[in-house]
Amino acid sequence: MPARKTPETLRSWRWYGRDELRSFGHRSRAKQAGLDSFDFTGKPVIGIFNTWTDLNSCHLHFKITAECVKRGVLQAGGLPFEVPVMSAGEMLTKPTAMFHRNFLAMETEELLRANPLDGAVLLGGCDKSTPGLLMGAFSMNIPIIYVPCGPMIRGNWRGETLGSGSDVWKYWDEKRAGNLCGDAWAEIEDGIARSAGHCMTMGTASTMTSMAEVLGLTLPGASSIPAVDSAHNRMAAAAGRQIVENVWADLKPLDVVTAASFDNAIAVDMALGGSTNAIVHLVAMAGRAGIKLPLERFDEISKRTPLIANLRPSGKYLMDDFYTAGGLRATLKVMESLLTTDLITVNGRTLSENIADAEVYNSDVIRSLDNALASDGGTAVLRGNLAPEGAVIKVSAATKELLNHTGPAMVFEDYNDLKKRLDDPDLPVTKDSVLVLKNGGPVGAPGMPEWGMLPIPKKLLKEGIRDMVRVSDARMSGTSYGTCVLHVSPESAVGGPLAHVRTGDLIQLDATNRQVNLLVSDEELASRRASWAPPPPRYGRGYGKLYCEHVTQAHEGADFDFLQFGPETPEPEIH
Ligand code: FES
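This is how it looks when you write it as structure tokens:
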């Protein structure tokens, strides 16, 4: 363990503690805000990074959460400062919040570096906010604790439970098929999001906050607490107290995350039936910590990890049920034999100590290993001539009969083409067709939006078809389902094989053998490649230009090439 800090070795001392001109300036301006000399006696200065905004209803309660963290920091003798950061909210941000994940990571890293902060509590939860905040924190590597916003309460419509995302897709298909009448659609809109908090299925948000907890970056149990439960506020205050101790102990995120903790995270992702988005985020997060996570690691761990959480979209229940069934701590306890648990976490204890007394209170929600919902984790990594660098399919959310399927491609050149032609009654598709979407990847879209669950063409919906094989370089919402081959890498916009698929080509999905292939001769593919030209750049300036020029491919985490682990970044000059 590193030596404990003293007031004079705190990072903030360089700003506030010294007897010279610049420190006079820093102290006098802090006094402008009503602080006192008492505040500059060597107290740990804690940033509370708040992703609250009116534009992100998942984080509506974060003004109160931040106050609770402040209370904890003050109780422990620290000095809290609230710092607003980009929210990266999923529900409004265009083209996709994923486009801004790296932006949030940069903002987090630079705000941590530029200011007199000894540690920080990071408030996030809506999908991309978790990896964005943590990627930045890993790169800066000063003590942090992650406070997840918690899931919202269950949705309700005419006595039926509604789950975020999953039930939207389900009832949208029924509406398009003409099966919803009267005010039903508007009532579902009223009832599906009833409180603050992130999506309450095991979508990307629930998955990523669980990943943060397994990695040891939250207090034990934090990720499962519903947003509106009073336990959330108690957890936030406890995080405030703990971060002050962690500053003295100099417990930094890269002391906590290791290759073993990432393996734990992958195993838990599989046991939860977590979002495929976790793959791209975990690869990016590990990259910030200097840890390589090849896609095959997900496949290997998936094969040996049973699916034990009975949560939508792979199962039946919602996060509220998960919490009262014992939550993530109980899940970790059930699967302890599959994990490395002698790893330190941000409360200074090991994972094993944190779950020692955890219990399952509902064994249908959190199954035992010998009564699992499936014997493996339900995520497969595919290779083949269509995806030389890999692709991903969530087997547990797919139709079994379609997992080994060969059919003719119906190609959409981009999302606009899809919107324009999908419901054309003359679209030449059958239930055996393979829907293909190009230009949905990190560069092509840009930002790899969640377009990968391509809608079923209306004419097939009317025939009762609810699933088809779909292939794209996009991602899919963690709340989605269907036989969707995702994250095809390299993507079409940079000349990956997907760029050369034409309508009518046969595509073979062989999930059993982890293959996805385009059944076109090598000669023909070479000639198509020779005549291919990349799409013109979408952005001539600004963040979009920076993004498209520096984003890596899906199998590399879609981080910026210049933000990955590398030589230490110098601290700001003292002057
Ligand atoms: Fe925020 Fe789903 S929209 S978590």
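If you number the sequence shown the way my numbering does, the last residue is 788 and the count never jumps.
From the three backbone atoms N, C-alpha and C, an ideal C-beta is built for every residue, glycine too.
All values derive from a computational prediction rather than experimental measurement.
Practice item. Would you mind reading off the limits of the beta strand (DSSP E) that contains Val-594? Key: Per DSSP, the continuous beta strand (DSSP E) segment holding Val-594 begins and ends at 592–595.
Check your understanding: In the structure shown, what three-state DSSP assignment does Ala-406 receive?
Key -> Taken through DSSP and simplified to helix, strand or coil, Ala-406 comes out as coil.
Point to revise | For Ser-377, the three-state DSSP class (helix, strand or coil) | key: Reduced to three states, the DSSP call for Ser-377 is coil.
Exercise for review: Output the distance between the C-alpha atoms of Glu-704 and Val-684, rounded to the nearest integer angstrom.
Suggested key: So the alpha carbons of these two residues sit roughly 11 Å apart.
Review point. How should Ala-743 be labelled, buried or exposed, when 16 other C-beta atoms within 10 angstroms of its C-beta is the threshold for buried?
Key: Sixteen is the threshold: since fewer than 16 other Cβ atoms of the shown chains lie within 10 Å of the Cβ of Ala-743, the residue is exposed.
Point to revise | For Pro-670, the nearest candidate out of Lys-644, Tyr-694, Ala-502 (CA to CA) | key: The residue with the shortest Cα to Cα distance from Pro-670 is Lys-644.
Exercise for review: Indicate whether Asp-463 and Pro-783 have their beta-carbon atoms separated by less than 7 Å.
Suggested key: Cβ atoms of Asp-463 and Pro-783: not closer than 7 Å.
Point to revise | Assigned exposure category for Trp-265 - 16 Cβ within 10 Å defines buried | key: Trp-265 comes out buried.
Exercise for review: Grab the span of the beta strand (DSSP E) containing Pro-697 for me, first residue to last.
Suggested key: The amino acid occupying residue 697 in the given sequence is Cys; Pro does not appear at that position. For Cys-697, the enclosing beta strand (DSSP E) has its first and last residue at 697–699.
Exercise for review: Tell me Asn-617's beta-bridge partners as DSSP assigns them.
Suggested key: For Asn-617, which the question treats as bridged, DSSP gives the partners Asp-723.
Practice item. State buried or exposed for Gly-199, treating a residue as buried only when at least 16 other CB atoms are found within 10 Å of its CB. Key: Absent from the model: residue 199. The displayed extent of the chain is 214 to 788, so no value can be given.
Practice item. Specify, as a first and last residue, the run of the alpha helix (DSSP H) that Asn-446 falls within. Key: Element bounds for Asn-446: 443–462.
**Study point:** alpha helix (DSSP H) runs contained entirely in the segment 665–720, provided each spans 4 or more residues
**Key:** The qualifying runs are 671–674.
Exercise for review: Kindly give me the distance between the Cβ atoms of Gly-429 and Val-559, rounded to whole angstroms, as I take these residues to be in contact under 8 Å.
Suggested key: 6 Å between Cβ atoms; contact.
Exercise for review: Quick one: give me the first and last residue of the alpha helix (DSSP H) that Phe-511 is part of.
Suggested key: Segment 508–516, the alpha helix (DSSP H) holding Phe-511.
Point to revise | Inter-stretch contact at 8 Å, needing at least 3 Cβ pairs: the segment 587–600 / the segment 483–495 | key: Taking 8 Å as the limit for Cβ pairs, the verdict is that the segment 483–495 does touch the segment 587–600.
Review point. Given that a residue counts as buried once 16 or more other Cβ atoms are within 10 Å of its Cβ, and exposed if not, what is Ser-581?
Key: So Ser-581 ends up on the exposed side.
Review point. Can you tell which of Leu-545, Val-698, Val-656 has the C-alpha that lies nearest to the C-alpha of Arg-751?
Key: Nearest of Leu-545, Val-698, Val-656 to Arg-751, Cα basis: Val-656.
Point to revise | Collapsed DSSP secondary structure at Lys-633 in the structure displayed | key: DSSP, read as helix, strand or coil, puts Lys-633 in helix.
**Study point:** For Gln-728, the first and last residue of its enclosing beta strand (DSSP E)
**Key:** Per DSSP, Gln-728 is one residue of the beta strand (DSSP E) stretching across 728–731.
Review point. Does the pairing of the segment 731–746 with the segment 667–681 give three or more beta-carbon distances under 8 Å?
Key: The segment 731–746 vs the segment 667–681: no contact.
Practice item. Go ahead and label Tyr-574 buried or exposed: buried means 16 or more other beta carbons lie within 10 angstroms of its beta carbon, across all protein chains shown. Key: So Tyr-574 ends up on the exposed side.
Check your understanding: With respect to the alpha helix (DSSP H) encompassing Glu-323, which residues constitute its N-terminal and C-terminal limits?
Key -> Residues 311–327.
Review point. With C-beta atoms as the reference, is Ala-473 less than 7 Å away from Ile-504?
Key: No, the Cβ-Cβ distance between Ala-473 and Ile-504 is not below 7 Å.
Check your understanding: Among all the DSSP beta bridges, which residues are the ones paired with Ile-438?
Key -> Paired residue(s): none; Ile-438 is not in a bridge.
Check your understanding: Just curious, the alpha helix (DSSP H) that Gly-540 is in, first and last residue?
Key -> 540–547 is the extent of the alpha helix (DSSP H) around Gly-540.
Check your understanding: How many Å lie between Leu-162 and Ser-241 at the Cα?
Key -> No answer is possible for residue 162: the residues shown for the chain start at 214 and end at 788.
Review point. When DSSP builds the beta bridges, which residues end up paired with His-411?
Key: Looking at the DSSP output, His-411 shares a beta bridge with Pro-364.
Review point. Is any heavy atom of the ligand FES found at a distance shorter than 6 Å from the C-beta of Asp-533?
Key: Flag unset: Cβ of Asp-533 not near the ligand FES.
Check your understanding: What residue range is occupied by the uninterrupted beta strand (DSSP E) comprising Ala-333?
Key -> Note, Ala-333: beta strand (DSSP E), 332–337.
Check your understanding: Any idea what DSSP makes of Glu-295, helix, strand or coil?
Key -> Strand, per DSSP.
Review point. Say the cut is 6 Å; is the CB of Ala-604 nearer than that to a heavy atom of the ligand FES?
Key: Not one heavy atom of the ligand FES lies closer than 6 Å to the C-beta of Ala-604.
Exercise for review: Give the straight-line distance between the Cα atoms of Gln-728 and Leu-711, rounded to the nearest whole angstrom.
Suggested key: Cα-Cα distance, rounded: 14 Å.
Check your understanding: Could you give the distance in angstroms between the alpha-carbon of Gly-410 and the alpha-carbon of His-445?
Key -> Roughly 11 Å between the two C-alpha positions.
Point to revise | Cβ contact (3+ pairs, closer than 8 Å) linking the segment 505–520 and the segment 454–469 | key: Verdict: no, contact absent.
Point to revise | Any non-hydrogen atom of the ligand FES within 6 Å of Glu-303 CB | key: Glu-303 has its Cβ nearer than 6 Å to a heavy atom of the ligand FES.
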